[in-house]
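This report concerns only the one structure given below.
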Amino acid sequence: MTMPASFDNSYSRLPASLHASVRPTPVAEPALIEVNLPLALELGLDPALFTAEVAVGNRLLPGTAPIAQAYAGHQFGHFVPQLGDGRAILLGEVVDRNGIRRDIQLKGAGPTPFSRRGDGRAALGPVLREYLVSEAMHALGIPSTRALAAATTGEKVYREAALPGAVLTRVAKSHIRVGTFQYFAARRDRDSLSVLVDHVIARHYPAAATSDNRALALLDSVMLAQARLVARWAGIGFIHGVMNTDNMSVSGETIDYGPCAFMDRYDPATVFSSIDEYGRYAYANQPAIAQWNLARFAETLIPFLDPDREAAIAVATQRIEAFPALFTDQWTDVFRAKIGLASAEDADADLIHALLDAMHGAGADFTLTFRRLSLGEAVPELDAWLGQWRTRLQRDRQSNDQQLALMRASNPAYIPRNHLVEAMIEAAVERADPEPFRTMLQVLLSPYSEQEGMDRYAAAPAETGQAYRTFCGT
Ligand code: AMP
Ligand code: MG
Numbered sequence: 002m003t004m005p006a007s008f009d010n011s012y013s014r015l016p017a018s019l020h021a022s023v024r025p026t027p028v029a030e031p032a033l034i035e036v037n038l039p040l041a042l043e044l045g046l047d048p049a050l051f052t053a054e055v056a057v058g059n060r061l062l063p064g065t066a067p068i069a070q071a072y073a074g075h076q077f078g079h080f081v082p083q084l085g086d087g088r089a090i091l092l093g094e095v096v097d098r099n100g101i102r103r104d105i106q107l108k109g110a111g112p113t114p115f116s117r118r119g120d121g122r123a124a125l126g127p128v129l130r131e132y133l134v135s136e137a138m139h140a141l142g143i144p145s146t147r148a149l150a151a152a153t154t155g156e157k158v159y160r161e162a163a164l165p166g167a168v169l170t171r172v173a174k175s176h177i178r179v180g181t182f183q184y185f186a187a188r189r190d191r192d193s194l195s196v197l198v199d200h201v202i203a204r205h206y207p208a209a210a211t212s213d214n215r216a217l218a219l220l221d222s223v224m225l226a227q228a229r230l231v232a233r234w235a236g237i238g239f240i241h242g243v244m245n246t247d248n249m250s251v252s253g254e255t256i257d258y259g260p261c262a263f264m265d266r267y268d269p270a271t272v273f274s275s276i277d278e279y280g281r282y283a284y285a286n287q288p289a290i291a292q293w294n295l296a297r298f299a300e301t302l303i304p305f306l307d308p309d310r311e312a313a314i315a316v317a318t319q320r321i322e323a324f325p326a327l328f329t330d331q332w333t334d335v336f337r338a339k340i341g342l343a344s345a346e347d348a349d350a351d352l353i354h355a356l357l358d359a360m361h362g363a364g365a366d367f368t369l370t371f372r373r374l375s376l377g378e379a380v381p382e383l384d385a386w387l388g389q390w391r392t393r394l395q396r397d398r399q400s401n402d403q404q405l406a407l408m409r410a411s412n413p414a415y416i417p418r419n420h421l422v423e424a425m426i427e428a429a430v431e432r433a434d435p436e437p438f439r440t441m442l443q444v445l446l447s448p449y450s451e452q453e454g455m456d457r458y459a460a461a462p463a464e465t466g467q468a469y470r471t472f473c474g475t
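Residue numbers (the numbering used here): 2 to 475.
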């Protein structure tokens with residue numbers, strides 16, 4: 002089976018203000034760790050194309066047109082007018098088997114014109130973390146960038162210590178961020194912004210193309226996609242960790258896995274990232290931050306929303322102020338399914354909050370508690386709440402079996418547990434042992450069914466008395 006790779010690079014054909022041509026910098030000794038066969042086939046690519054040389058960028062597939070994309074961004078609330086792909090190179094795009102255009106990007110492939118003082122490289126640990134977590138997210142049903150391949154470079158990267166270098170081949174519906182819009186808005190480059198608006202509508206939100214107000218339809222579409230995404234994160238206890246505007250994809254996929262982590266015990270104030278001193282990106286803050294980022298996005302669209310600036314600001318403000326209600330609807334839908342409800346009643350949100358409050362009070366493990374409820378197992382610490390819940394379930398239109406099936410499909414048995422992610426990375430980095438990565442990946446690809454002999458991947462971590470900390474994955 003040989004399928005020629007058929008690239009069609011629409012972004013590199015856009016005006017030169019949006020990107021810079023750059024070639025990956027060859028590395029000494031490439032070696033493959035993993036190639037994602039099902040994903041390669043979904044993309045219409047022969048998995049055999051992804052040799053070690055290709056996966057590190059030493060050899061380019063025919064038809065690629067490598068570029069680094071320009072973008073800006075608010076990092077922890079501070080605007081940086083120029084970030085851009087400093088260590089990622091977009092090879093090109095393919096149209097997949099479902100007719101969806103997908104970016105193929107190498108992360109860690111060497112310096113670009115946007116690298117500033119960075120080396121353009123990635124270390125093995127963060128590459129494996131992103132591979133594992135992004136594929137786990139996809140298997141959980143959460144929109145996410147995907148991992149197509151991972152390979153080591155045979156070279157060291159220098160962080161606090163010398164670490165093995167690696168390259169991740171990442172696939173996304175696009176890598177266009179809120180920060181991409183901000184880059185041109187900050188330069189008052191209305192022509193480039195207009196090109197970007199057209200490109201994003203055509204690529205991600207074609208229904209907006211026929212609207213009387215295309216920019217407003219775009220804003221509405223991006224807001225809905227983000228509300229959905231962040232609500233789904235909440236449903237699985239995911240904390241992105243660095244929700245800067247340059248790390249928010251306008252397509253609504255989870256992107257840029259750095260210090261992300263999953264909550265073990267339920268606590269809305271949970272923060273893992275060592276650099277998030279004030280808890281800006283804590284679990285419970287994610288919706289408010291999404292709203293803040295979307296306000297920055299809306300600002301970039303002001304020139305297109307209405308010829309009258311005041312009117313444009315008014316409509317944008319009205320939309321952004323409506324975000325909490327939009328989010329609450331999505332959130333309530335996610336958690337209704339988690340407690341087995343196919344019908345909706347006004348008081349459902351209160352019932353869900355009562356459960357979460359009880360879990361918080363009891364220090365209950367987020368994932369295990371919902372899974373136990375889904376399996377009909379006893380959860381003694383929730384006794385008081387269970388009565389209210391059963392009464393509500395009786396008014397639902399589904400049978401009890403259907404309710405439990407919905408719950409088992411909404412409450413995973415397996416998430417990437419932080420302590421296991423750390424152990425997996427340690428094995429790969431310290432002992433060059435890829436087995437824990439492979440085994441854990443296999444388990445996480447079927448998160449909604451119990452797998453024999455894999456109990457330790459479902460278990461909560463042992464109490465260490467020490468808070469888990471993550472570090473920015475550069
Ligand atoms: P991140 O924290 O990964 O979202 O990256 C923020 C910005 O820093 C982006 O513009 C990245 O391209 C850039 N960056 C991160 N790591 C490196 C690196 N090792 N070399 C060059 N640029 C980097
Ligand atoms: Mg980033």
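From the three backbone atoms N, C-alpha and C, an ideal C-beta is built for every residue, glycine too. In this text the structure is predicted, and so the values were computed from the model without any measurement.
(request) Pull up the CB-CB distance for P448 and L141, whole angstroms please, since I reckon it's below 8 Å. (result) 5 Å
(request) Quick one: residues with CB closer than 6 Å to any heavy atom of the ligand MG, in chain order, please. (result) D247, N248, D257
(request) Sort V231, C261, I303, R310 by Cα distance to I290 and report the nearest one. (result) V231
(request) With a floor of 4 residues, list each alpha helix (DSSP H) that falls wholly inside the stretch 296-325, ordered by position along the chain. (result) 310-322
(message) For a minimum of 4 consecutive residues, which ranges assigned as the alpha helix (DSSP H) are wholly contained in the stretch 351-438?
(response) 367-375, 384-395, 401-411, 419-432
(request) List the residues that DSSP assigns as beta-bridge partners of H139. (result) Per DSSP, none; premise fails for H139.
(request) Please list, in chain order, all residues of the same chain as A173 whose beta carbon is under 8 Å from its beta carbon, the five residues on each side excluded. (result) R103, D104, Q106, T146, R147, S250, S252, E254, I256
(request) Quick one: grab the DSSP three-state call for V201. (result) helix
(message) For the ligand AMP, is there any heavy atom lying closer than 7 Å to the beta carbon of G87?
(response) yes
(request) Whole angstroms is fine: what's the gap from V81's alpha carbon to K157's? (result) 29 Å
(message) I'd like the list of long-range same chain contacts for D366, defined as Cβ closer than 8 Å, with 5 residues on each side in sequence excluded.
(response) D265, R266, Y267, A461
(message) Given this structure, state the Cα-to-Cα distance separating D192 from F185, to the nearest angstrom.
(response) 9 Å
(message) Using CA atoms only, rank isn't needed, just tell me which of A348, N294, G109, E322 is closest to T392.
(response) A348
(request) Count the other CB atoms, across all protein chains shown, that sit within 10 Å of the CB of L376; report buried if there are 16 or more and exposed otherwise. (result) exposed
(message) Buried or exposed, going by whether 16 or more other CB atoms sit within 10 Å of the CB of Q292?
(response) buried
(request) Output yes or no for whether 8 Å exceeds the beta carbon distance between G236 and K339. (result) yes
(request) Please go through the same chain and pick out, in chain order, the residues whose beta-carbon is closer than 6 Å to the beta-carbon of F328, but skip the five residues on each side of it. (result) A228, P288
(request) Please confirm whether any heavy atom of the ligand AMP lies closer than 7 Å to the CB of R418. (result) no
(message) So, under 8 Å CB-CB, F438 and L129 are touching, yes? Tell me the CB distance rounded to an integer number of Å.
(response) 5 Å
(request) Output the boundary residues of the beta strand (DSSP E) element that contains Q70. (result) 68-70
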